[in-house]
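Numbering (this note's numbering), first residue to last: 688 to 1029.
Just so you know, even glycine gets a beta-carbon here, dropped at the ideal spot from N, CA and C.
One structure is given here, and the rest of the page talks about it.
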């Protein structure tokens, strides 16, 4: 009985130990799951930050490359057109200078011709000479008119080129302003991404702090589990030793009980065999007794009949004796009366 109580107490304590150990393992699993979730979240945030930084850098690089390319194209186109316009302007200016020189030359010739005409009019009256001079003067004047027309045309072309240059400058300035506006837009977007990046970094910091707290809690739990594990191992060794001792004693007791059971079984088998023999004998005896009882019943019935007959005879004898007694009494009374013996 004492061994059974100790065994049940050890079993109860072992069950409590395994319950506490299961609860501690569940807490550790929960902490590990939270840690894994936090690590995964931190990894996702880091990946998101890396992707944002990468996307931001790629966007900036793409924008810088596109901006440089567009600026280079616009600059090259502007320089090309500017160079062409400058060449045209220089050509026109050179042509204008050449025409101006020609005009000056024609003016000088006109002056000389006028002087010749005046000199001829004052001196030589040769009509043919005058006509020739007039023809030359007319030709020179026509050339002068043509030169003036070309000069006016060149001035118009110069004005057109100047307007084109100014238009290109305005267009270039407009493109530069548009690019600057786009740059400002990208700067705003970069600022917003930097703010988001700072928010993500703060979130990562918070997650890291939470991870630190969880790691500390996990370390504390691991320390407690280590201590509990050591105590459990010591207690388990103690309980194991006690259980082994109790098991040995219990086994010896069981062996003894088995031996007793075997002896009892042998005795039971022997008693069963003897009982079967006794029962068989009793059954035979009962059968004989039943036969004897039947016989006795028959004899008893016969005896009862005889007894009834004897009883009737006895009753008859009693009546007869009573009659005789009455007669004797009467006789005695009569004798006494007769002899006056009363």
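Item	Value
When you compare only the Cα positions, how much space is there between residue 742 and residue 883?	13 Å
Nearest-angstrom Cα distance between residue 956 and residue 989?	48 Å
Quick one: what's got a C-beta closer than 6 Å to residue 1031's C-beta in the same chain, skipping five residues either side?	Residue 1031 lies beyond the stretch modelled for the chain, which goes from 688 to 1029, so this question has no answer here.
Measure the C-alpha to C-alpha separation of residue 864 and residue 749 and round it to an integer number of angstroms.	19 Å
Just the C-alpha distance for residue 986 and residue 973, rounded to the nearest angstrom, thanks.	19 Å
How long is the line joining the alpha carbons of residue 735 and residue 717, rounded to whole angstroms?	26 Å
Whole angstroms are fine: how far does the CA of residue 860 sit from the CA of residue 655?	This structure does not reach residue 655, given that the chain is present from 688 up to 1029, and the question cannot be answered.
Is residue 812 helix, strand or coil by DSSP?	In this predicted model, residue 812 has a pLDDT of only 48, less than 50, meaning its place in the structure is not dependable; the value taken from the coordinates is given anyway. Coil.
How many angstroms separate the CA atom of residue 730 from the CA atom of residue 754?	34 Å
Roughly how many angstroms lie between the CA atoms of residue 965 and residue 954, to the nearest whole one?	16 Å
So which of 728, 982, 770, 997 has the shortest CA-CA distance to residue 893?	728
Can you tell which of 903, 840, 872 has its C-alpha closest to the C-alpha of residue 746?	872
How many angstroms separate the CA atom of residue 889 from the CA atom of residue 771?	58 Å
Taking the alpha-carbon positions, what's the residue 751 to residue 875 distance?	15 Å
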